[in-house]
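K.L.:
This structure is in structure tokens; I'll ask about it shortly.
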Amino acid sequence: MPEQKKIQKIIAPREKHWVGDGFHVSTIFSMHSEDVDSISPFLLMDHAAPRYFPPTQQKLGVGEHPHRGFETVTFAIKGEVEHRDSGGGGGTITTGGIQWMTAGSGVVHDEFHSREFSEKGGDFEMIQLWVNLPSKFKMTPPRYQSFAEADFPVHRLENPGITVKVIAGSFESVTSPVQTFSPINIYEINGPSQSQLEFPLPVGSNTLVFQLSGNSTLGNQTIDKGNLAILGRSGDSLNLELNEESKVMILNGEPLGEPVAAYGPFVMNTRQEDS
Ligand code: MN
298 MPEQKKIQKI IAPREKHWVG DGFHVSTIFS MHSEDVDSIS PFLLMDHAAP RYFPPTQQKL
358 GVGEHPHRGF ETVTFAIKGE VEHRDSGGGG GTITTGGIQW MTAGSGVVHD EFHSREFSEK
418 GGDFEMIQLW VNLPSKFKMT PPRYQSFAEA DFPVHRLENP GITVKVIAGS FESVTSPVQT
478 FSPINIYEIN GPSQSQLEFP LPVGSNTLVF QLSGNSTLGN QTIDKGNLAI LGRSGDSLNL
538 ELNEESKVMI LNGEPLGEPV AAYGPFVMNT RQEDS
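Per our numbering, the very first residue in the sequence shown carries number 298; after that it's consecutive.
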């Protein structure tokens, strides 16, 4: 018999703050406010809820800044993000696409709305997720993986109308093209009102459920739009009822079980390694 995973905690979005002048974000969870063991290997997630930006010739975003010791994963849900780094790399994350950047030993990069998006204006929504690197890979050379919407396999569940976009890891017979340094599954689920899904997740893994739109019920608790549920490690099955038409992001991963020393844009295992 599958044992259902249960909610340990529900977090409502915090007050928004600006990252540069392009990203009006709410920090949904972070290693500074949560028990690291309950979110590992994830460290932080910022959500820029949908917001209209009028057409402009200005470059909106955040200028050069460094990262080391972890990965940043940027999801362009609406609109486009352009980036450029110290190693001469760069590109555009298009709507529905992601960039999985391994900072590893260190990068300096900037992140802006794409020129094309800025000139046209429109609704902008994004997520940036920080994923920790296992200790032995913290100083790995920097790497980019860029994917467009069409690169991700989508699994259609028998239950009418529910789709699972496999952003990382695998779901049943489909596997994401993303390479990760530790076992991670990330799914974007879209489904109609009054639909249900049930699927297996690895025993002992951490699971976070972020409700991007609509609302859902897990056990006897409701996860409202913009809220995040942190699930307990026990159980091997996720059962979710969508009460309204919903978009839900599922983050699942094997906990690293290593100390986290986060200082500004660096995330190492001890403070001595931060500098
Ligand atoms: Mn950055």
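For each residue, glycine too, the CB sits at the ideal point set by N, CA and C.
These figures come from a predicted structure and were not determined experimentally.
1. Quick check on residue 412: does DSSP put it in helix, strand or coil?
2. On the DSSP letters alone, give me the boundaries of the beta strand (DSSP E) that residue 323 sits inside.
3. Any chance you could list the residues with Cβ under 6 Å from a heavy atom of ligand 1, keeping chain order?
4. Measure the alpha-carbon distance for residue 305 versus residue 481 and round it to whole angstroms.
5. Relative to ligand 3, is the shortest distance from any of its heavy atoms to the C-beta of residue 412 smaller than 7 Å?
6. Any idea if residue 353 is buried or exposed, counting beta-carbon neighbours within 10 angstroms, 16 or more meaning buried?
7. Rounding to the nearest angstrom, what Cα-Cα distance links residue 558 and residue 324 in this structure?
8. The alpha helix (DSSP H) that contains residue 534, what's its start and end?
9. Go through its chain and collect everything with a Cβ distance to residue 541's Cβ below 6 Å, but skip five positions before and after it.
10. Which value, in whole angstroms, describes the spacing of the CA atoms of residue 519 and residue 432?
11. Quick one: Cα of residue 381 to Cα of residue 467, how far?
12. Taking three-plus beta-carbon pairs below 8 Å as touching, is the region 357-376 in contact with the region 408-419?
13. Is the separation between the beta-carbon of residue 424 and that of residue 461 shorter than 8 Å?
14. Does residue 493 come out as helix, strand or coil in the three-state DSSP assignment?
15. Count the other CB atoms within 10 Å of the CB of residue 315; is the residue buried (16 or more) or exposed (fewer)?
16. Compare the beta carbon distance of residue 498 and residue 533 with 8 Å and say whether it is the shorter of the two.
17. What would DSSP say about residue 572, mapped onto helix, strand or coil?
18. Is the beta carbon of residue 477 less than 8 Å from the beta carbon of residue 463?
19. Tell me, which residues are paired with residue 472 by DSSP?
20. Buried or exposed: which applies to residue 364, given that a residue is buried once 16 or more other Cβ atoms fall within 10 Å of its Cβ?
21. Below 8 Å on the Cβ atoms is my guess for residue 505 versus residue 339; work out the distance and round it to an integer in Å.
P.N.:
Taking the structure as given:
1. In the sequence shown, counting from the first residue as 1, residue 412 sits at position 115. In this structure, residue 412 counts as helix in the three-state DSSP scheme.
2. Position 26 of the sequence shown holds residue 323. Looking at the DSSP string, the run of the beta strand (DSSP E) that includes residue 323 is 320-327.
3. 362, 364, 369, 406, 408
4. To locate residue 305, count along the sequence shown from 1; it is residue 8. To locate residue 481, count along the sequence shown from 1; it is residue 184. Taking the straight line from one Cα to the other gives about 20 Å.
5. Although ligand 3 was asked about, the structure shown includes only ligand 1 as ligands.
6. The residue labelled residue 353 in the question sits at position 56 within the sequence shown. So residue 353 ends up on the exposed side.
7. One-based indexing of the sequence shown puts residue 558 at position 261. One-based indexing of the sequence shown puts residue 324 at position 27. Between residue 558 and residue 324, the C-alpha separation is close to 19 Å.
8. Here residue 534 is taken as the residue at index 237 of the sequence shown, counted from 1. Here residue 534 belongs to no alpha helix (DSSP H); instead the beta strand (DSSP E) covers 534-539.
9. Counting from one through the sequence shown, the residue named residue 541 turns up at place 244. Only 490, 511, 512 meet the Cβ criterion.
10. Looking up residue 519 in the sequence shown gives position 222. Looking up residue 432 in the sequence shown gives position 135. In a straight line, the C-alpha of residue 519 is about 36 Å away from that of residue 432.
11. Residue numbering aside, residue 381 sits at position 84 when the sequence shown is read from its first letter. Residue numbering aside, residue 467 sits at position 170 when the sequence shown is read from its first letter. Distance between the alpha carbons of residue 381 and residue 467: 30 Å.
12. yes
13. By one-based count along the sequence shown, residue 424 stands at place 127. By one-based count along the sequence shown, residue 461 stands at place 164. Not a contact, by the Cβ cut-off of 8 Å.
14. What you label residue 493 is simply residue 196 of the sequence shown in a count that begins at 1. If DSSP states are grouped into helix, strand and coil, residue 493 belongs with the strands.
15. Here residue 315 corresponds to residue number 18 of the sequence shown, with the count starting at 1. The residue in question, residue 315, is exposed, as its Cβ has fewer than 16 Cβ neighbours within 10 Å.
16. Here the question's residue 498 lines up with position 201 in the sequence shown. Here the question's residue 533 lines up with position 236 in the sequence shown. Contact flag set, yes.
17. The residue you call residue 572 lines up with position 275 of the sequence shown. Confidence is the limiting factor: at residue 572 the pLDDT is only 43, short of 50, which leaves the residue's position unreliable, though a coordinate-based value still follows. Coil, per DSSP.
18. Here residue 477 refers to the residue found at position 180 of the sequence shown. Here residue 463 refers to the residue found at position 166 of the sequence shown. The answer is no: Cβ separation not under 8 Å.
19. Here residue 472 refers to the residue found at position 175 when the sequence shown is read from its first residue. Residue 472 pairs with 467.
20. Along the sequence shown, read from residue 1 onward, the residue named residue 364 stands at position 67. Flag for residue 364 reads buried.
21. Within the sequence shown, residue 505 is the residue found at index 208, counting from 1. Within the sequence shown, residue 339 is the residue found at index 42, counting from 1. Confirmed, Cβ separation roughly 7 Å.
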